[in-house]
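Accompanying notes for the structure given below.
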Amino acid sequence: MRKFRFNDIRLRDKLLIMYVLSVFIPIVLTNVIFYQVTTTNIKNQKIRDANITLEKTKNELQTLFDELVGISYHFYLDSGFNDIIDREYGSAIDYIEAYEAYLRGALSIYSQTYASVGKLTVYTSNPTILTSGNIERISDEVKEEGWFRMLGESTTRYPYLYHDGASFSMLQALNHYDPASENIHILKIDLNMVEMSALFRHSAFDGELYLIGPDETITYSTNEGADWRSERLTMEAMPAQADIITFRQPLSNGEYMKDWTMQGVMNEKIVMEEVYKSRSFVLYLALINFVLPTLIIALISQSLHKRLVGILKQMKKVKGGTFEPIPKAESRDEIGQLTMEFNRMTNRIRSLIDDVYIADIEKKDLELKRKQTQLRALHSQINPHFLFNALETIRMRSLMKGEKETAKIILDMAKIFRKSISWGRDWVPIRDEIELIVCFLEIQKYRFGDKLEYIIHVDEALRDFTIPKMTFLPFVENASIHGIEKSAGSGLITIDIRQSGETLVFSLVDNGIGMDEEKLEDILRYLQQEEESGRENVGMKNAYSRLRMCYKEEFRFKLESEPGSGTKVEIRLPMIY
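Reading the sequence shown from the start, the letters are residues 13 to 589 in this note's numbering.
Right under this line is the structure:
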């Protein structure tokens, strides 16, 4: 039986195994774990938020009851108030005076100040006190009331919270100063149910709220389906619901609320609502994680397979004697390197074959070219000397005939010609460059007469500063020929060479015909091209290329022009000595 080897597996199957083990299984496990962790975290956070909301609602409810308790303790400890209601009055006039002087204001101020107070009433058995305002006599009907029977003649010193099914009252026996008094005095403060209803209704708890009394009965609830007002209803008697979460917090403010609790019931669907919303997001994320790697694997597999098949086909052609390179071999990976080496090998084999048959022909052709080059070099040496001698002869004859202007122009032409072909020095002082420019401009003035004027300003400190030879002349020539010569009016060329910090600034401005934006962009593109195109401005392009070669990134060039307004050239060079 043949031993299994991993190298025997096809490349496409290897990529599939790599995808399943490195992408598919890790993504599935990651998504499952991510979903479970997210579900647990969101559920715990929702439960914490629900407990906080329930506690906030409970504290607000306790605040309502605490206000009633505070009022109860105030009247319980008010000696003047207790003395007035326990006093025996000789006549109704005496009581009315005491009522108007103290009782009316003391009883009405709390009803008006505290929103938690629905009604404040003092019940008394003192026969000399008249029933009026917030003062009620303890009659037989009052004694039959549930709250009275509940409180009775208790001597308790703390308030008692009473619930009659629809409302809440805070009861306080006013017996602090004379417990042995024959009269009974009871303070009854009814809770403002509008405030309590608003408190429960505006609670941020996402579920039903229940206020549970000491006997485990429901005394108030936001559940509209629970009939807690008309019958004694407990939480155990409520219809069973599936998937609910119960929250319970005790109200423990003193003896009056002992064994009272606030309970909240929330559907688990509400807790998990955010998780359910994120299901689609998790699904889309999983699809992206599946689809994107699959496409990448497919593209990589296709790239490898296609190029390997191409190499195999070319190898078969070489076997048949066709030495053709593989096209599009610019990739840099291992297959690309293999392709380049194959092409190099193919070209080498073909070159060796060609060398055997055409070596003699190439040798003779090279010898012929060498002789032609020597001949052209000889002509290039003879012609300049001939032209210099001819120009000098013409200049001397002009001087002999008194034509000084013509002789001067011929001298300027000779200087330009001599400097342009003498390449003994690649770098020259600026003064030599300016001298060459002046010769050229004087020749142009001789041609155009008064049509051309020029102004040249050079900082004296820069005249001996060296720059590449014929750096500025091509731009001056371009301004004269293409800017001023084609202009109908008189032309002015202004040249300014100055130092700005560590930079040499050459500025050339003409008032010629200028150029539009399209032509300006075309010239800039031409200057930045590497190859020659045989068009105009070749001198300017050569100067631009030399400057960029000499100064590299420190060379700055700016060309501005508008039709009819002339052209401006600015060259910035580093101050390299």
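Heads up, the beta-carbon is just placed ideally off N, CA and C, and yes, glycines get one too. All values reported here derive from a predicted model rather than from experimental measurement.
Around the Cβ of residue i, are there at least 16 other Cβ atoms within 10 angstroms (buried) or fewer (exposed)?
i    : result
P171 : buried
N53  : exposed
K15  : exposed
F293 : exposed
E194 : exposed
A88  : Rather than Ala, the amino acid found at residue 88 in this sequence is Tyr. Buried: at least 16 other Cβ atoms inside 10 Å.
K564 : exposed
L295 : exposed
L364 : exposed
K325 : exposed
A491 : buried
S144 : exposed
V58  : Inspection of the sequence shows that residue 58 is occupied by Lys rather than by Val. Under this definition K58 is a buried residue.
E109 : exposed
K200 : buried
Output the distance between the C-alpha atoms of residue i and residue j, rounded to the nearest integer angstrom.
i    : j    : result
D78  : L173 : 11 angstroms
T358 : K318 : 20 angstroms
I347 : L316 : 8 angstroms
L33  : E72  : 58 angstroms
L485 : N554 : 11 angstroms
F518 : S573 : 16 angstroms
S128 : A104 : 33 angstroms
I421 : C451 : 8 angstroms
V330 : D25  : 30 angstroms
P602 : I83  : Given a span of 13 to 589 for the chain in the structure shown, any question on residue 602 remains unanswerable.
I446 : F460 : 21 angstroms
L311 : I45  : 30 angstroms
D106 : K270 : 42 angstroms
I198 : D98  : 12 angstroms
K70  : P38  : 47 angstroms
T75  : V206 : 15 angstroms
D522 : R362 : 59 angstroms
G576 : L585 : 29 angstroms
T133 : E280 : 45 angstroms
P262 : D152 : 37 angstroms
V470 : I496 : 22 angstroms
L516 : D508 : 11 angstroms
S502 : P339 : 60 angstroms
A118 : R149 : 18 angstroms
R560 : F487 : 15 angstroms
Y556 : G578 : 20 angstroms
V40  : P305 : 13 angstroms
G130 : Q184 : 16 angstroms
Could you spell out where the alpha helix (DSSP H) holding residue i opens and where it closes?
i    : result
Y458 : I442 to F460
R560 : V550 to Y563
I121 : R116 to T125
State yes or no: is the C-beta of residue i nearer than 8 angstroms to some heavy atom of the ligand ATP?
i   : result
I59 : Although the ligand ATP was asked about, the structure shown includes no ligands whatsoever.
Out of the options, point me to the one whose CA is closest to residue i's CA.
i    : options                   : result
R475 : Q511, S492, R459 and E489 : Q511
K155 : L142, E336, G332 and T136 : T136
Q314 : I21, D176, L27 and R17    : L27
M552 : E582, G524, T483 and L453 : T483
I588 : C562, A110 and I83        : C562
D462 : P480, E112, I505 and K580 : I505
Y31  : L307, L221 and N235       : L307
L299 : Q48, E112, D218 and N43   : N43
A179 : Y107, S242, S120 and I39  : According to the sequence as given, residue 179 is Ser; it is not Ala. It is S242.
S181 : Y189, S120, D255 and G158 : G158
T229 : N235, W272 and R161       : W272
H175 : I338, Y268 and P480       : Y268
E236 : D227, E220, P226 and M247 : E220
G225 : A238, L245 and H214       : L245
D438 : E529, I493 and T478       : T478
D444 : P480, I455, L464 and S120 : P480
L520 : L532, D218 and I583       : I583
Starting from residue i, trace the beta strand (DSSP E) in both directions and tell me its first and last residue.
i    : result
H86  : Per DSSP, H86 belongs to no beta strand (DSSP E); it is in the alpha helix (DSSP H), I37 to L89.
I507 : G503 to S512
D660 : No information on residue 660 is available, as it lies outside the stretch 13 to 589 that the chain covers here.
Q261 : I256 to L263
E582 : G578 to P586
D202 : H197 to L203
S499 : Here S499 belongs to no beta strand (DSSP E), and DSSP marks it neither H nor E.
S273 : For clarity, residue 273 is Thr in the given sequence; the question names Ser instead. Its beta strand (DSSP E) spans residues W272 to N279.
L571 : R568 to E574
Y232 : I230 to S233
Taking 9 angstroms as the threshold (beta carbon to beta carbon), is residue i in contact with chain B?
i    : result
P251 : Here chain B cannot be found, since the structure has a single protein chain.
- [ ] At 4 residues or longer, and completely inside the segment 129-188: list those alpha helix (DSSP H) runs for me, N to C.
- [x] 152-155 and 158-163
- [ ] Would you mind listing the alpha helix (DSSP H) stretches within the segment 460-490 that are 4+ residues and don't spill past its ends, in chain order?
- [x] 485-490
TODO: Report the residue ranges of all beta strand (DSSP E) runs contained in full by the segment 295-374; include only those spanning at least 3 residues, in chain order.
DONE: none
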